[in-house]
Amino acid sequence: MPQNLVVLIGRILLSIIFIVAGYGKLTGFAGTVGYFTSLGLPVPTLTTALVIAIELLGGLAILAGFFTRPAAYVVAAFCLGSAVIGHGDFSVAGNDIHFMKNLAIAGGLLVLAAFGPGALSVDARRA
Numbered sequence: 001m002p003q004n005l006v007v008l009i010g011r012i013l014l015s016i017i018f019i020v021a022g023y024g025k026l027t028g029f030a031g032t033v034g035y036f037t038s039l040g041l042p043v044p045t046l047t048t049a050l051v052i053a054i055e056l057l058g059g060l061a062i063l064a065g066f067f068t069r070p071a072a073y074v075v076a077a078f079c080l081g082s083a084v085i086g087h088g089d090f091s092v093a094g095n096d097i098h099f100m101k102n103l104a105i106a107g108g109l110l111v112l113a114a115f116g117p118g119a120l121s122v123d124a125r126r127a
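Under the UniProt record's numbering, the residues of the sequence shown are numbered 1 to 127, in order.
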């Protein structure tokens, strides 16, 4: 399979989780604010808006290959933060798997940031 097609498929697969999660938080804004409040996060309404922006805009940027490198760095940092904040309590069933999943996704995003979005991307057309 051609390398650029593989990178496109990788971008699609990496972006889906963020687009779906961001949309879910957007449509369930009040519930997300409540959940973030229960976690003790500061300014939960603003935090919710910021998380939605990172997930939706970052996911769409990665999908399209638009400002891919900065988007991948931001979303990778988000994954690392959410691993620690949201899944760092290993006494909760399943958190160990979610923690490692976030680390793995962050790793894929860092590879994307390092090597770029490939020829089948908006970034390649802008160059």
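Using N, Cα and C, we set each Cβ at its ideal position, and we do this for glycine too.
This one's a predicted model, so the numbers in the text were calculated from it and none came from an experiment.
According to DSSP, is residue i part of a helix, a strand, or is it coil?
i           : result
P44         : helix
V51         : helix
F90         : coil
L39         : coil
F18         : helix
G107        : helix
L80         : helix
residue 182 : Nothing can be reported for residue 182, as the shown portion of the chain is limited to 1 through 127.
Would you tell me roughly how many angstroms separate the C-alpha atoms of residue i and residue j, rounded to the nearest one?
i    : j    : result
T47  : V33  : 8 angstroms
L63  : L110 : 15 angstroms
H87  : F36  : 13 angstroms
L41  : I12  : 30 angstroms
S121 : V6   : 12 angstroms
Q3   : A30  : 42 angstroms
S15  : G58  : 8 angstroms
G94  : V84  : 14 angstroms
What does a CB cutoff of less than 8 angstroms around residue i pick up in its chain, not counting 5 residues either side in sequence?
i   : result
G10 : G108, L112
Can you give the beta carbon distance from residue i to residue j, rounded, assuming they're within the 8 angstroms contact cut?
i   : j   : result
L60 : I19 : 6 angstroms
Contact the segment 101-112 vs the segment 71-85: 3+ CB pairs below 8 angstroms = yes
Any 3 or more C-beta pairs closer than 8 angstroms across the segment 43-62 and the segment 90-102 = The segment 43-62, when compared against the segment 90-102, does not touch it at the 8 angstroms Cβ threshold.
Report yes or no: do the segment 51-70 and the segment 16-31 share at least 3 C-beta pairs separated by less than 8 angstroms?
-> yes
Sufficient close CB pairs (3 or more, under 8 angstroms) joining the segment 111-125 to the segment 64-76 | Three or more pairs of CB atoms, one per stretch, sit closer than 8 angstroms, so the segment 111-125 contacts the segment 64-76.
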